[in-house]
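The next block holds one structure in the form of structure tokens; read it before the comments.
Numbering (my numbering), first residue to last: 1 to 463.
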């Protein structure tokens, strides 16, 4: 940790906030459930993308960029995808139609994630590229007495696992068959879930020991996490809605297949999202996609920058429910407009920001600390690198991101030339450089280095 604040994370599995201790500090591993790519991602889907990107940035800062592996999957086999393919591409063979749907929506999701300021994960595997691994896990479960074939399906036997339900704290004996869980005659137990199911000629399928079929939802993540992170790893993340049944069943089948005590040491879940105080749904008329927010005037009659959307999300603690509203977006935009832009250089994030992040990813406190740093940087340009380094940890560099490296280098050269002209009292030429840059949307700000008293100049892109 090299003197860094001790990282504490809330673990859904234990319902406690405890010190984070990676299995291997030189190979910190995190898996987060990604999208099912049958439609454009909505704003609720953006929350785990942003939350776990911040955690990824923090882990990279603490343990080193090369020592953190982040996997976020793409689910590209699902009955919803099949239905969308038939609707949107009725004249194509089903496999081609499915590929057309998933490639289009996956590309859009990745573009949206980038626009929200998120780093690219280390691996982004597709479910369909891991069918062999899924079959191997199912075979292991059958061999160990944890799964059984029945009427064209392979099912996980929940009664074969003594502590099934430990993540969601659900007791099998307390669940009434026919109430929360459908009763099906071919199941040994009402709570048993599908690992593999046969496909008709009109459905996508892969050859397996149990016939041509396709995987159940839960087995996909078990296979991809095991392939890229191992049988046990450090952190598993996702939305609160995934605790049961998805994460519960992932945990069960992975532990039983590999004979391990845990799947992931820490389970983290972000809270639910509402839009303007109501549950988001198409029937409510408040269903909005990330793409619409970024590129259309659907919400509040205008387009919203990705940095504003990101900051609006991070102004609520990740475990708390969030009300995504026009008021919150406007508040984030006002705050962002007061933050200066600049390069971090060799500066490191301020301890106030690091302490906030280290306390179970407290982005609310981190944003407050960042605003204080922004005020200091506005008053004294020498404080700008520390603010920039701290803002980068949050993933919010609102104006600097709009400048590519070549242009930034050119601006820095002109700034240096202007400083030399000011020293030579060639004010006319110095003013000309300032005015030329202002005409291009780049604003200069002069100040004094607090330590040396020398003139320093910072710059930013005007909104």
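Even glycine gets a Cβ: it sits at the ideal position worked out from N, Cα and C.
Three-state secondary structure (DSSP) of residue i
{"i": "residue 61", "result": "helix"}
{"i": "residue 70", "result": "strand"}
{"i": "residue 38", "result": "coil"}
{"i": "residue 284", "result": "coil"}
{"i": "residue 224", "result": "helix"}
{"i": "residue 302", "result": "strand"}
{"i": "residue 421", "result": "helix"}
{"i": "residue 16", "result": "strand"}
{"i": "residue 210", "result": "coil"}
{"i": "residue 353", "result": "helix"}
{"i": "residue 255", "result": "helix"}
{"i": "residue 235", "result": "strand"}
{"i": "residue 55", "result": "helix"}
{"i": "residue 219", "result": "helix"}
{"i": "residue 289", "result": "strand"}
{"i": "residue 269", "result": "strand"}
{"i": "residue 162", "result": "coil"}
{"i": "residue 264", "result": "strand"}
{"i": "residue 394", "result": "helix"}
{"i": "residue 167", "result": "coil"}
{"i": "residue 297", "result": "coil"}
{"i": "residue 230", "result": "coil"}
{"i": "residue 249", "result": "helix"}
{"i": "residue 432", "result": "helix"}
{"i": "residue 204", "result": "coil"}
{"i": "residue 185", "result": "coil"}
{"i": "residue 467", "result": "Nothing can be reported for residue 467, as the shown portion of the chain is limited to 1 through 463."}
{"i": "residue 48", "result": "helix"}
Residue burial classification, residue i (beta-carbon count within 10 angstroms, cutoff 16)
{"i": "residue 453", "result": "exposed"}
{"i": "residue 171", "result": "exposed"}
{"i": "residue 24", "result": "exposed"}
{"i": "residue 208", "result": "buried"}
{"i": "residue 186", "result": "exposed"}
{"i": "residue 460", "result": "buried"}
{"i": "residue 34", "result": "buried"}
{"i": "residue 159", "result": "exposed"}
{"i": "residue 417", "result": "exposed"}
{"i": "residue 220", "result": "buried"}
{"i": "residue 381", "result": "buried"}
{"i": "residue 250", "result": "buried"}
{"i": "residue 222", "result": "buried"}
{"i": "residue 197", "result": "buried"}
{"i": "residue 178", "result": "Caution applies to residue 178, whose pLDDT of 38 falls short of 50 and renders its modelled position unreliable; the value that the coordinates give is listed next. Looking at its Cβ environment, which holds fewer than 16 other Cβ atoms inside 10 Å, residue 178 is exposed."}
{"i": "residue 156", "result": "buried"}
{"i": "residue 93", "result": "exposed"}
{"i": "residue 296", "result": "exposed"}
{"i": "residue 91", "result": "exposed"}
{"i": "residue 321", "result": "exposed"}
{"i": "residue 449", "result": "exposed"}
{"i": "residue 270", "result": "buried"}
{"i": "residue 132", "result": "exposed"}
{"i": "residue 310", "result": "buried"}
{"i": "residue 455", "result": "exposed"}
{"i": "residue 44", "result": "buried"}
{"i": "residue 151", "result": "exposed"}
Bridge-paired residues (DSSP) for residue i
{"i": "residue 446", "result": "457"}
{"i": "residue 193", "result": "156"}
{"i": "residue 28", "result": "68"}
{"i": "residue 8", "result": "19 and 359"}
{"i": "residue 274", "result": "279 and 323"}
{"i": "residue 198", "result": "213"}
Residue i at chain B interface by Cβ criterion, 9 Å
{"i": "residue 385", "result": "Here chain B cannot be found, since the structure has a single protein chain."}
I want to know whether the segment 247-261 touches the segment 227-237 - three or more CB-CB distances under 8 Å.
yes
Taking three-plus beta-carbon pairs below 8 Å as touching, is the segment 63-77 in contact with the segment 140-153?
no
Uninterrupted alpha helix (DSSP H) stretches inside the segment 75-160 (no shorter than 4 residues):
79-88, 94-115 and 131-143
Meets three-Cβ-pair contact criterion under 8 Å: the segment 5-17 and the segment 210-224
no
Would the segment 350-359 and the segment 302-320 be scored as touching if the rule is three or more Cβ pairs under 8 Å?
no
For the 8 Å Cβ check, are there 3 or more pairs between the segment 272-290 and the segment 330-337?
no
Given 8 Å, three or more beta-carbon pairs between the segment 91-101 and the segment 51-68:
no
Should the segment 387-397 be regarded as contacting the segment 48-55, the criterion being three or more beta carbon pairs within less than 8 Å?
yes
For the segment 319-328 against the segment 336-346, do three or more pairs of beta-carbon atoms, one drawn from each stretch, fall closer than 8 Å, so that the two count as touching?
no
Determine contact between the segment 235-243 and the segment 118-130, defined as no fewer than three beta-carbon pairs at a distance below 8 Å.
no
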